[in-house]
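Report on one structure; see the data block that follows.
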């Protein structure tokens, strides 16, 4: 960190499910003390009091601000402390110096002191956190619904011939599902009865999950429209894409300072790969893969039905560019556009109350 006072304190924290390890260092890098606190409100208060006892706290460097450290990060931010998100230590460093929770906490503090760790964590206190919760529930429901359908079709293929032939005339997914949900297996005395029982259970599970997904979709559509109405109106930006991008940006979009940083988060920026006399770039295989996939879906949609995009594709193909290179360029354009919608304009926020 630049211009740090030697008397200022930096706290590094290694987070776990049941306990957090913390180490305090001063502005000169000298280790002052270490402690471990339980993951609870009382533990968070004890940690803050302990940190203040050394002097003015410049920042808290926390590993796992989006998982085990989420509660502590929110607690400290609500009390006006600066919180820095710290990545896991380099494996080579761990191999050379060993691993303990206090060592990891000290490494976190030194990452903040050196300026290597500078990213602000997501606040997780407003509308986007609500969207994230609902999208997690929706995504798992979609996977379970797909699994139920695959299993159901497998049982039909292996069912007794009479039962299988009775189902062959049913066309359409909903027609088949409703028919199977209404089956009456009877007494379990034959493979036909057991197959009917299994098919009925799977069909009813599919219907339940389908209703759950529709409920989540309605809630997500309302939340994303309220958070980013301009983004939702853009060509090819469906509810799923808007939700994914809002989750990526978080409730505090000011932490992403440029469209280049946003493109890097999405994995939509080229990486230098030059050596000697060779000057070239390669695709970025990092970044948020779900956000990258969302960019790809928007680009494919626009290549099919968006006139300016279609004109651009024809122009670049006439220049000899390949399809994948054109898609890469378009993904960067879309990332720049989304950054403008989400990070250059203020969004209405719906704060999550502590009692909700």
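Numbering (our numbering), first residue to last: -19 to 336. Where a beta carbon is used, it is the ideal one built from N, C-alpha and C, also for glycine. If you're wondering where the values come from, they're calculated on a predicted model, not measured in any experiment.
- Annotation for residue 274: 220, 221, 224 and 225 place their beta carbon closer than 8 Å to its own, counting only its chain and skipping 5 residues before and after.
- Within the same chain, Cβ atoms closer than 6 Å to the Cβ of residue 8 are found at -14, the five residues on either side in sequence being excluded.
- Inclusion of residue 84 and residue 43 in the CB contact set at 8 Å is warranted, their separation being smaller than that value.
- Taking a 10 Å sphere around the C-beta of residue 57, we find 16 or more other C-beta atoms and assign the residue as buried.
- When DSSP reads this structure, residue 17 sits in a beta bridge with 0.
- With a minimum length of 4 residues, the unbroken runs of alpha helix (DSSP H) contained wholly in the stretch 204 to 248 fall at 209 to 213, 219 to 229 and 239 to 245.
- Close CB contacts of residue 140 within its chain, under the 7 Å cut and outside five residues either way in sequence, are with 171, 172 and 175 (chain order).
- Within the same chain, Cβ atoms closer than 7 Å to the Cβ of residue 203 are found at 107, 110 and 111, the five residues on either side in sequence being excluded.
- The Cβ atoms of residue 236 and residue 178 do not sit closer than 8 Å to each other.
- Only residues of its own chain outside the window of five on either side were considered, and among them 18 and 19 have a CB closer than 8 Å to the CB of residue -2, listed in chain order.
- In the structure shown, residue 170 adopts coil according to DSSP, grouped into three states.
- In this model, residue 233 and residue 248 are separated by some 18 Å (Cα to Cα).
- By the Cβ-count criterion, residue 210 is exposed, with fewer than 16 other Cβ atoms from all chains shown falling within 10 Å of its own Cβ.
- Look at residue 282 here: in three-state DSSP terms it is helix.
- For residue 288, the three-state secondary structure derived from DSSP is helix.
- By the Cβ neighbour-count rule, residue 168 is exposed, with fewer than 16 other Cβ atoms within 10 Å of its own.
- Counting along the chain, residue 299 sits inside no beta strand (DSSP E), nor does DSSP assign it H or E at all.
- Between residue 321 and residue 208 the beta-carbon gap is near 6 Å, inside 8 Å, which marks them as a contact.
- Residue pairing by DSSP places residue 95 in no beta bridge whatsoever.
- When DSSP states are grouped into helix, strand and coil, residue 251 belongs to the strand group.
- Taking all protein chains in view, the Cβ of residue 304 is surrounded by fewer than 16 other Cβ atoms within 10 Å, so the residue is classified as exposed.
- In this structure, residue 189 lies near residue 128, with their beta-carbon atoms less than 8 Å apart.
- Closest in C-alpha terms to residue 195, from the list 306, 298, 122 and 292, comes 122.
- With distances taken between CA atoms, residue 184 lies nearest to 161 out of 191, 205 and 161.
- Judged by DSSP in its simplified three-state form, residue -8 adopts strand.
- Between the alpha carbons of residue 288 and residue 252 lies a gap of roughly 29 Å.
- Cβ-Cβ distances below 6 Å link residue 272 to 246 and 247 in the same chain, with the five nearest sequence neighbours on each side left out; the list follows chain order.
- Here residue 41 is buried. Its C-beta has 16 or more other C-beta atoms within 10 Å.
- As DSSP reads the structure, residue 258 sits in a beta bridge with 255.
- With a beta-carbon spacing of about 17 Å, residue 50 and residue -9 fall beyond the 8 Å limit used to define contacts.
- CA-to-CA, the gap between residue 81 and residue -6 works out to about 6 Å.
- Residue 213 counts as exposed, since fewer than 16 other C-beta atoms from the protein chains shown sit within 10 angstroms of its C-beta.
- Close CB contacts of residue 124 within its chain, under the 7 Å cut and outside five residues either way in sequence, are with 189 (chain order).
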